[in-house]
Amino acid sequence: MYDSDHGITTGAVARRLGVSPTTVRSWDRRYGIGPLDRGDGRHRRWTPADVAMLEEMCRLTASGVPPAEAARTVRRVRASPDALPVNPGVPASAAPDAPSVGAGPEPPSAARRSGAGSGLPLGDVRQECRGLARAAMRLDAPAVEELLRAALAEYGLVTSWEEIMAPTLHAVGKKWESSDDRYVEVEHLLSWHVSTALRRTAAAAPAATSQAPPVVLACVPSEQHTLPLEALAAGLAERGLPLRMFGASVPAEALDAAVRRSGPVAVALWSQARSTANHALALHVARTAFGVRGARSAPLVVLAGPGWRGPALAPGTVRPAGLREALAVISRLYGEDAGAG
Numbered sequence: 017m018y019d020s021d022h023g024i025t026t027g028a029v030a031r032r033l034g035v036s037p038t039t040v041r042s043w044d045r046r047y048g049i050g051p052l053d054r055g056d057g058r059h060r061r062w063t064p065a066d067v068a069m070l071e072e073m074c075r076l077t078a079s080g081v082p083p084a085e086a087a088r089t090v091r092r093v094r095a096s097p098d099a100l101p102v103n104p105g106v107p108a109s110a111a112p113d114a115p116s117v118g119a120g121p122e123p124p125s126a127a128r129r130s131g132a133g134s135g136l137p138l139g140d141v142r143q144e145c146r147g148l149a150r151a152a153m154r155l156d157a158p159a160v161e162e163l164l165r166a167a168l169a170e171y172g173l174v175t176s177w178e179e180i181m182a183p184t185l186h187a188v189g190k191k192w193e194s195s196d197d198r199y200v201e202v203e204h205l206l207s208w209h210v211s212t213a214l215r216r217t218a219a220a221a222p223a224a225t226s227q228a229p230p231v232v233l234a235c236v237p238s239e240q241h242t243l244p245l246e247a248l249a250a251g252l253a254e255r256g257l258p259l260r261m262f263g264a265s266v267p268a269e270a271l272d273a274a275v276r277r278s279g280p281v282a283v284a285l286w287s288q289a290r291s292t293a294n295h296a297l298a299l300h301v302a303r304t305a306f307g308v309r310g311a312r313s314a315p316l317v318v319l320a321g322p323g324w325r326g327p328a329l330a331p332g333t334v335r336p337a338g339l340r341e342a343l344a345v346i347s348r349l350y351g352e353d354a355g356a357g
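In case it helps, this note's numbering puts the sequence shown at residues 17 to 357.
In structure tokens form, the structure reads like this:
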């Protein structure tokens, strides 16, 4: 509740916006977007108009606008006769007129910014990465969901994964590794929403009608990273290709049984690190033949992920460079246009 005479505290504002009180104070100190009336003792007390200004700041930074530029925008609006609409009951991430991801005519490979702003080691990446990173660092789940939805709608699955989702996930992982296990909650929240967006993409695709053998997707034993396989599954679903997803850390015996029972045209094995890559298992799968005598066949093994780097490729295996190439390789096995979808 607002106190009509004194406003609300910085802590209450931070809880409403889904950011830390330190962030709110930093915006005030660095960018001059604090409350107009500080009251006695210079304690910050935020009126509904002040909170509306911060909500606009959150909306802009969540869409990828650098904080300094966003602050200049909200200061201009506050100084103009037409003030920001005051609606303190609506959180910034739920505002109906939030700017959409990637608005404007720029092609997918454009709109890169090299400046800092999210606190993550992003480097020279798309502006949408910075917006997604800032929303994740604030634990702003509605904003993360909306940014992912808008990116997929505008750029499609492959570009969204390769240029927005994967770089942001990588940056969050690096931040966690370099900060004494801090920000684990950020990685979990972002991973959950990326997984949800990928599965929604797969669910929205038309059901596969082909009677051809499926593609088997599995993580090698001891491998827990499933998001890249979920992206591949969504891409295959978009193309109407049959698939069987087995998820994380599939035991070797279970993988062998799945391959023999389903008779796949291809088996995609994900390995995130060299410590989990099992080349003997991959070779075993590539040599697994099935079908009637005289017409037996074996699956193509798609070695997916950075863990497979190093040794020369064994017969019956391929090592695509990324999602786009993996989809092209598998599509050709079905006689499909490699650029479809």
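Where a beta carbon is used, it is the ideal one built from N, C-alpha and C, also for glycine. Keep in mind that this is a model prediction, so the values were computed, not measured.
| Asked | Found |
| --- | --- |
| Please classify residue 337 as buried or exposed, where buried requires at least 16 other C-beta atoms within 10 Å of its C-beta. | exposed |
| Please report the straight-line C-alpha distance between residue 179 and residue 231, rounded to a whole angstrom. | 25 angstroms |
| Report, in whole angstroms, the separation of the C-beta atoms of residue 236 and residue 293, which I expect to be a contact under 8 angstroms. | 7 angstroms |
| Where do the ends of the beta strand (DSSP E) carrying residue 208 lie? | Premise fails: residue 208 lies in the alpha helix (DSSP H), 200 to 220, not in any beta strand (DSSP E). |
| In terms of residues, what are the limits of the beta strand (DSSP E) holding residue 259? | 259 to 261 |
| Which first and last residues belong to the beta strand (DSSP E) in which residue 286 is found? | 282 to 286 |
| Who does residue 62 pair with in a DSSP beta bridge? | 24 |
| Between 244, 282, 252, 255, which lies nearest to residue 264 when the distance is taken from Cα to Cα? | 244 |
| Ignore the nearest five residues each way along the sequence and tell me which others in residue 36's own chain have a CB closer than 7 angstroms to its CB. | 30 |
| Judging by CA-CA distance, which residue of 45, 206, 190 is the nearest neighbour of residue 87? | 45 |
| Considering only the beta carbon of each residue, do residue 174 and residue 339 sit closer than 8 angstroms? | yes |
| Look at the alpha carbon of residue 301 and the alpha carbon of residue 39, and state the distance between them as a whole number of angstroms. | 52 angstroms |
| List the endpoints of the continuous alpha helix (DSSP H) containing residue 274. | 268 to 278 |
| Relative to the alpha-carbon of residue 205, which residue among 242, 220, 153, 27 has its alpha-carbon at the smallest distance? | 153 |
| Going by the DSSP bridge assignment, what does residue 333 pair with across the sheet? | 317 |
| How close, in whole Å, do the beta carbons of residue 49 and residue 75 come, if the pair is a contact with beta carbons under 8 angstroms? | That belief does not hold up - the Cβ atoms of residue 49 and residue 75 are roughly 13 angstroms apart, past 8 angstroms. |
| Using 10 angstroms around the beta-carbon of residue 233, count the other beta-carbons present and answer buried if the total reaches 16, otherwise exposed. | buried |
| Using CA atoms only, rank isn't needed, just tell me which of 182, 212, 185, 201 is closest to residue 162. | 212 |
| With C-beta atoms as the reference, is residue 214 less than 8 angstroms away from residue 247? | yes |
| Once the 5 residues before and after residue 26 are set aside, which same chain residues still bring their CB inside 8 angstroms of it? | 37, 40, 41, 60, 62 |
| Kindly indicate the opening and closing residues of the beta strand (DSSP E) around residue 233. | 231 to 235 |
| How is the alpha helix (DSSP H) around residue 181 delimited, first residue to last? | Counting along the chain, residue 181 falls outside any alpha helix (DSSP H), and DSSP gives it neither H nor E. |
| Flag this pair as yes or no: are the beta carbons of residue 268 and residue 259 separated by less than 8 angstroms? | no |
| To the nearest whole angstrom, what separates the beta carbons of residue 188 and residue 203, a pair I think is in contact under 8 angstroms? | 5 angstroms |
| Mind checking whether residue 249 and residue 218 have CB atoms under 8 angstroms apart? | yes |
| Residue 184: which of 266, 156, 150 sits nearest, CA to CA? | 150 |
| Compute the Euclidean distance between the alpha carbons of residue 68 and residue 82, then round it to the nearest angstrom. | 19 angstroms |
| For the alpha helix (DSSP H) that contains residue 42, what are its first and last residues? | 37 to 47 |
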